[in-house]
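This report concerns only the one structure given below.
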Amino acid sequence: MPHKPVISVDAYLTTLDHPLKDVVVELRTLLLATHPAIGEEVKWNAPSFRTREHFATMQLRHPGLVQLVLHLGAKKQVLPRGAIQDPASLLKWLGEDRAVIGFDGLADLRAKAPALQAIVRQWVAHVGVSGG
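The sequence shown runs 1020 to 1151 under my numbering.
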C-alpha cells in the first residue's frame, strides 16, 4: 500500500480554501506559542498538534466555524474529573476523553485566547511531553 505524501502545515495552509482561514492561521500560531513542546503536522486532513501524542486537531468542515477538538491521542483514556479547569466555560465535552472549542471569527478567537491557552497548558500537562 503506498504511503500518503507527508505535507507540512505551511504547505497545507498555502492551499487551504476556507472562509475562516485567518482564524486557522492565528489559532495555529497561538497553539504553537502556548508550550515549547507542542509540534504540528497535518492529520485527518487538518492541522493537528502533539507533544508525546496528538492532543488537538482542527475541524474545518463548517464554513462559518473553526473548531479545535482536544483529545487524548490514539489510546482510549479518560480525563479525571476536574483535571481541566475551564472557568470561562469554553469547552463543550463530547465524552470523557475529548472536548471541542469553536471560533466563528478572529474577534471570537482573540477574546477566548487567554482562556484557551490556559486550557491547552493543562491538557499538555495531562498528556505529557516527550521525555517527561
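Every residue, glycine too, gets a C-beta built ideally from N, C-alpha and C. Computed from a predicted model, the values in this text were never measured in an experiment.
Quiz item: If alanine 1132 sits next to leucine 1049, beta carbons under 8 Å apart, how far is it from one beta carbon to the other, in whole angstroms?
Solution: 6 Å
Exercise. Pull up the CB-CB distance for threonine 1076 and valine 1143, whole angstroms please, since I reckon it's below 8 Å.
Key: With 8 Å as the limit, threonine 1076 and valine 1143 do not qualify as a contact, their Cβ atoms being about 14 Å apart.
Quiz prompt | CA-to-CA distance, threonine 1033 to valine 1088, given in whole angstroms | solution = Approximately 22 Å, taken between the alpha carbons.
Practice problem: Rounded to whole angstroms, what's the CA-CA distance from aspartate 1036 to leucine 1125? Just pull it up for me. | Solution: 17 Å
Quiz prompt | Whether leucine 1128 touches valine 1042 by CB criterion (9 Å) | solution = yes
Practice problem: Going by DSSP, name the residue or residues bridged to threonine 1076. | Solution: Ser1067 and Val1088
Quiz item: Under a three-way DSSP split, which group does glutamate 1115 fall into?
Solution: coil
Quiz item: In terms of residues, what are the limits of the alpha helix (DSSP H) holding valine 1097?
Solution: No alpha helix (DSSP H) holds valine 1097; DSSP gives it neither H nor E.
Exercise. Within the same chain, show all residues whose beta-carbon is closer than 8 Å to that of glycine 1083, passing over the 5 residues directly before and after it, in chain order.
Key: Pro1038, Leu1039 and Asp1123
Self-check item: Neighbourhood of glycine 1151 by C-beta distance below 6 Å, restricted to the same chain and skipping five residues each side
Solution: Only weak support is given to the placement of glycine 1151: the predicted model assigns it a pLDDT of 46, under 50, and the question is left unresolved by the model.
Quiz prompt | valine 1061 (DSSP reduced to helix, strand or coil) | solution = strand
Quiz item: Closest by CA to threonine 1029, which one among Leu1135, Pro1066, Gly1114 and Gln1104?
Solution: Going by the sequence as given, residue 1029 is aspartate instead of threonine. The shortest C-alpha separation from aspartate 1029 is found at Pro1066.
Quiz item: Near arginine 1117, which residues of its chain fall below 8 Å by C-beta distance, leaving aside the five closest residues on each side in sequence?
Solution: Cβ neighbours of arginine 1117 beyond the five flanking positions: Val1088, Leu1089, His1090 and Leu1091.
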